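As they're listed, the protein sequences go chains A and B. No gaps in the numbering here: position 90 of the first sequence is 855 in the numbering used here, and each next residue is one more. No gaps in the numbering here: position 130 of the second sequence is 202 in the numbering used here, and each next residue is one more. Below: the structure, in structure tokens.
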Amino acid sequence: MKLTIEVNNNKIYAEPGDTILDALNRHGISVPTLCHMKGFFPTGACRMCVVEVEGRRNLVTACSEPVVNGMKIKTHSSRVIESRKTIVELLLSNHPDDCLYCERNGSCELQKLSEDLHVRERRISGNKNKYKLDVSSPSLVRDPAKCILCGRCVRVCEEVQNVSSIGFVGRGNKTFIDTMFNHGLNLSTCVNCGQCIMVCPTGALKEQPHIAEIKKNLNDPSKVVIVQHAPAISVSLAEELGFKPGQNIVGLMNAALRRIGFDYVFDTSFSADLTIMEEATELIHRVTNGGVLPMITSCCPGWIKYAEEFSHDLLPNLSTCKSPQQMMGAIIKSYFAEIEGIPKENIYSVSIMPCTAKKFEQQREEMTQNGISDVDAVLTTRELARLIRLHGIDVHKLEPELADSPLGTRSSAGKIFGSSGGVMEAAIRSAHYFITGKEMVKFQVKAVRGLEGRKEATVQIGDLEVGVAVVSGLKNAEDLLQEIRNGRKDLHFIEIMACPGGCINGGGQPIGTTEEAVKARMATLYDIDEKDAIKVSHKNPYIIELYDKFLGKPLGHRSHDLLHTHYQKREVY
Amino acid sequence: MKEQVHEILNGYPAAANDSLIPILQQIQDKLGFLSEEAVIEVGKHLHMPASKIFGVATFYNQFRFTQPGKYHIQVCRGTACHVLGSATVLEEIEKQLKVKAGQTTRDKMFSLEVVACIGACGLAPVISINGEFHAKLTAESIQNILQEYRNKEELS
């Protein structure tokens, strides 16, 4: 049964169970929101979405009020607009007026609300609390002065990621968001995933910037500056540069990176192929030798830190493979340095990642060889766009270019790493070949594709029935791990990504990423896979060459030194 | 300290979130404040993130996070005391002790706390030191009172 309601004197239909906001949005009527997040239980805390409902004395929050048949609503009456405007004016009353210097200038929701509601003067002047900038984390920077206490970061951290490293502290106008005992993010349980940045309406949360250091090295003639870009970058950078969401601009990006001054441009999808060679071999090794199962992927540094903190009982289940970023870093400073005759001290290795946790991973002690870091700096997708704009490069006028050899050629199996389920699918394809000696008839493993938080399948590889599960979002991961602790035995291999949907929805992606954009990025990745000739990692000719000339065989001695790592239990609360 | 906390937690075997505040109160009664260690232990016991417990505890004025001094000073900031100048009283004590409200002096002798009203409006402005009231304060009398406590300490 449909409900009929009257909005601004027009009749519209609503579904039973709709909130007022759901019904309005479905009919193209937009009401501003701040604390509201799609898919979360509404709190009605910020009161930005208030509307007038006939017969009700007070204004009603549209996000939390269920629709009732015959309801008469005014969404933009002068009373409503005045009320919303006052809320914004109050939020601005203790806000630092430094929009021109702010990271989020142009992408700030507070700025937009203030523009939309015609706030043109400071009517209310409030006391400004003094806060310390939290720069303790290798990945994130928190500026509580810019925080408007919408609580979205707190909710994402708790409800999506099950981490709860931040919470509301204090009371009244002294309330702010902080970690336990104000110790800062670095000493908290924070896994550096950056999902809080993605939901922050203002500049209160941002990534730890690496641009300045990269610029210094680009200008240093003694340095060979090498860049690698992750599989998810070429399909998400597009929006930042004025293309349609999800468009693959890998060729243009390669060209832009060369114009910025990078000496070599490599594709992390190559080392994703390398990861698959090692990881699929490791899986087979564990299955045939009675190793610890289920094996869990180790590509995602957010998940790794979560495991070290909350799931250290399952650390033996983690694959020992480094992530593609770190494998590429290690190969650049060993194999590539050797064949090109570049001393590895002179190499400055940059990676472009959809991820803030990669900035943490890059600084891990385990990710060094004799004191030299595998990777020296990490840029997020957002930072790359900033760097391109800084150099005045009009990407639309460039001709596409190929990445450099030999670490720039990939199979499409490496490319789909960018999406949740991609690592699993790529690993299954190669494992099938390694076990049976034959390629799969159809390469697609459709059951592990899509945006759902958990996907499970049973895959037949020869005589072996392999149980696999793919989860994204650490709360979903925790639920699955709990089942395993409770004795679930049917799974052999689990892929875990911290960010919902995988890297295409990572914490380093463009601000304002919508679900549609994530879907478009995912569709493009699978479209690339559909059209590519080489669909399996073990057929990548440069991977074969790398093993022939340098590594020997997967899980061999050199692989062990360069491409595998170990984990440590972390005592944080 | 950990043992004292566990002793309290043992009194709440199958506790859920709603036991949080009583537990915190009991810990504060025992230890005089909520230590970081105590918050972590409570978190483990209730399966709650420590950041959340810290958030709840900071919401209430009753909880302290630093060890109280030997002499705990409560400055009344209720209406009557306010009218008769308790803001100056607080300022004077902060100046004399070189600590802010909520802190403890380095020698662990005095700690300072602001309270809403201690129900002695006739004595305003009033402070309480370890439960002993000092009435109708002025800047000079504050200095004398603090000196008395210091002298007492030196004698003992």
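Where is the CB? At the ideal position from N, CA and C, for every residue including glycine. Fair warning: this is a prediction, and the values are worked out from it, not measured in the lab.
In this structure, how does DSSP classify residue i when only helix, strand and coil are distinguished?
i, result
"residue 995/A", "coil"
"residue 904/A", "coil"
"residue 225/B", "helix"
"residue 1322/A", "helix"
"residue 1333/A", "coil"
"residue 1134/A", "strand"
"residue 1062/A", "coil"
"residue 1094/A", "helix"
"residue 75/B", "helix"
"residue 1220/A", "strand"
"residue 160/B", "helix"
"residue 1113/A", "strand"
"residue 1077/A", "helix"
"residue 204/B", "strand"
Please tell me whether, using a cut-off of 7 Å, the distance from the CB of residue i to the nearest non-hydrogen atom of the ligand FMN is below it.
i, result
"residue 1093/A", "In the structure on display, the ligand FMN does not appear, and there are no ligands present to speak of."
State the Cα-Cα distance for the pair residue i and residue j, rounded to the nearest angstrom.
i, j, result
"residue 1035/A", "residue 80/B", "56 Å"
"residue 788/A", "residue 831/A", "10 Å"
"residue 957/A", "residue 920/A", "15 Å"
"residue 1132/A", "residue 1143/A", "14 Å"
"residue 874/A", "residue 863/A", "15 Å"
"residue 184/B", "residue 160/B", "14 Å"
"residue 222/B", "residue 104/B", "21 Å"
"residue 1049/A", "residue 1196/A", "7 Å"
"residue 1115/A", "residue 1033/A", "11 Å"
"residue 1345/A", "residue 1140/A", "What the structure shows of chain A is the stretch from 766 to 1338, and residue 1345/A is not part of that stretch, so it cannot be assessed."
"residue 824/A", "residue 1279/A", "29 Å"
"residue 890/A", "residue 849/A", "17 Å"
"residue 76/B", "residue 165/B", "33 Å"
"residue 846/A", "residue 884/A", "11 Å"
"residue 949/A", "residue 963/A", "19 Å"
"residue 806/A", "residue 814/A", "15 Å"
"residue 1275/A", "residue 899/A", "22 Å"
"residue 1111/A", "residue 1097/A", "12 Å"
"residue 1333/A", "residue 1073/A", "6 Å"
"residue 892/A", "residue 860/A", "9 Å"
"residue 992/A", "residue 1030/A", "5 Å"
"residue 218/B", "residue 176/B", "14 Å"
"residue 999/A", "residue 1018/A", "7 Å"
"residue 844/A", "residue 796/A", "14 Å"
"residue 897/A", "residue 206/B", "37 Å"
"residue 1263/A", "residue 774/A", "46 Å"
"residue 179/B", "residue 142/B", "9 Å"
"residue 901/A", "residue 1125/A", "11 Å"
"residue 1079/A", "residue 1218/A", "20 Å"
Determine the chain B residues that contact residue i at a beta-carbon separation under 7 Å, and present them in chain order.
i, result
"residue 925/A", "Ordered by position in chain B, no residue passes the 7 Å Cβ test against residue 925/A, which lies about 14 Å from the chain."
"residue 931/A", "123"
"residue 944/A", "123"
Interface residues of chain B around residue i at Cβ under 9 Å?
i, result
"residue 1350/A", "The displayed coordinates of chain A run from 766 to 1338. Any statement about residue 1350/A would go beyond what the structure contains."
"residue 936/A", "130, 131, 132 and 133"
Under 8 Å between beta-carbons, which chain A residues line up against residue i? List them in chain order, please.
i, result
"residue 115/B", "1338"
Along chain A, which residues have their Cβ under 7 Å away from the Cβ of residue i?
i, result
"residue 112/B", "1338"
"residue 127/B", "932, 933 and 934"
"residue 108/B", "946"
What residues from chain B crowd round residue i, counting only those whose CB sits closer than 8 Å?
i, result
"residue 953/A", "123"
Exercise. Would you call the segment 1176-1187 of chain A and the segment 1261-1274 of chain A in contact, with 3 or more CB pairs under 8 Å?
Worked result: Yes, the segment 1176-1187 of chain A is in contact with the segment 1261-1274 of chain A.
Exercise. Are at least three pairs of beta-carbons, each pair with one atom in the segment 929-944 of chain A and one in the segment 1145-1160 of chain A, less than 8 Å apart?
Worked result: The segment 929-944 of chain A makes no contact with the segment 1145-1160 of chain A, as fewer than three CB pairs between them are under 8 Å.
For this session: Any chance you could list the beta strand (DSSP E) runs of at least 3 consecutive residues sitting entirely within the segment 891-979 of chain A, in chain order?
Result: List check, beta strand (DSSP E) in window: 905-907, 932-934, 941-943 and 970-972.
For this session: Could you tell me which uninterrupted alpha helix (DSSP H) segments, each at least 4 residues in length, are contained entirely in the segment 1249-1309 of chain A, listed from first to last along the chain?
Result: Correct list: 1280-1296.
For this session: Say whether the segment 145-154 of chain B touches the segment 105-114 of chain B, bearing in mind that this needs 3 or more beta-carbon pairs closer than 8 Å, one atom from each stretch.
Result: By the C-beta criterion, the segment 145-154 of chain B is judged not to be in contact with the segment 105-114 of chain B, since fewer than 3 inter-stretch pairs fall below 8 Å.
Exercise. Which full runs of the beta strand (DSSP E) of 3+ residues lie inside the segment 112-153 of chain B, going along the chain?
Worked result: Entirely contained in the segment 112-153 of chain B, the beta strand (DSSP E) runs reaching 3 residues are, in chain order, 143-148.
Problem set entry | Inside the segment 771-858 of chain A only - beta strand (DSSP E) runs reaching at least 3 residues | Runs found: 775-779, 815-818 and 837-839.
Exercise. Which ranges would you report for the beta strand (DSSP E) in the segment 1122-1195 of chain A if only whole runs of at least 3 residues count?
Worked result: The segment 1122-1195 of chain A contains, as complete beta strand (DSSP E) runs of 3+ residues, the segments 1142-1145 (chain order).
For this session: Decide yes or no for the touch test of the segment 114-129 of chain B against the segment 160-176 of chain B: beta carbon pairs closer than 8 Å, at least 3 of them.
Result: Contact fails between the segment 114-129 of chain B and the segment 160-176 of chain B, because fewer than three Cβ pairs, one in each stretch, are under 8 Å apart.
Problem set entry | Touching by the beta-carbon criterion (3+ pairs, under 8 Å), the segment 1324-1334 of chain A and the segment 81-92 of chain B | No: the two stretches stay apart, fewer than three of their Cβ pairs being nearer than 8 Å.
Exercise. Which runs of the beta strand (DSSP E) fall wholly inside the segment 994-1050 of chain A and span at least 3 residues, in chain order?
Worked result: Complete beta strand (DSSP E) runs here, min 3: 1029-1032.
For this session: Taking 8 Å as the threshold, find out whether the segment 1251-1260 of chain A comes into contact with the segment 986-1002 of chain A through three or more Cβ pairs.
Result: The segment 1251-1260 of chain A, when compared against the segment 986-1002 of chain A, does not touch it at the 8 Å Cβ threshold.
Exercise. Between the segment 1054-1067 of chain A and the segment 1080-1097 of chain A, are three or more C-beta pairs nearer than 8 Å?
Worked result: Under the 8 Å Cβ criterion, the segment 1054-1067 of chain A counts as touching the segment 1080-1097 of chain A, having at least three qualifying pairs.
Exercise. Is there contact between the segment 127-138 of chain B and the segment 91-102 of chain B, where contact requires at least three CB pairs shorter than 8 Å?
Worked result: Yes, the segment 127-138 of chain B touches the segment 91-102 of chain B.
Exercise. For the 8 Å Cβ check, are there 3 or more pairs between the segment 904-913 of chain A and the segment 1245-1252 of chain A?
Worked result: The segment 904-913 of chain A vs the segment 1245-1252 of chain A: no contact.
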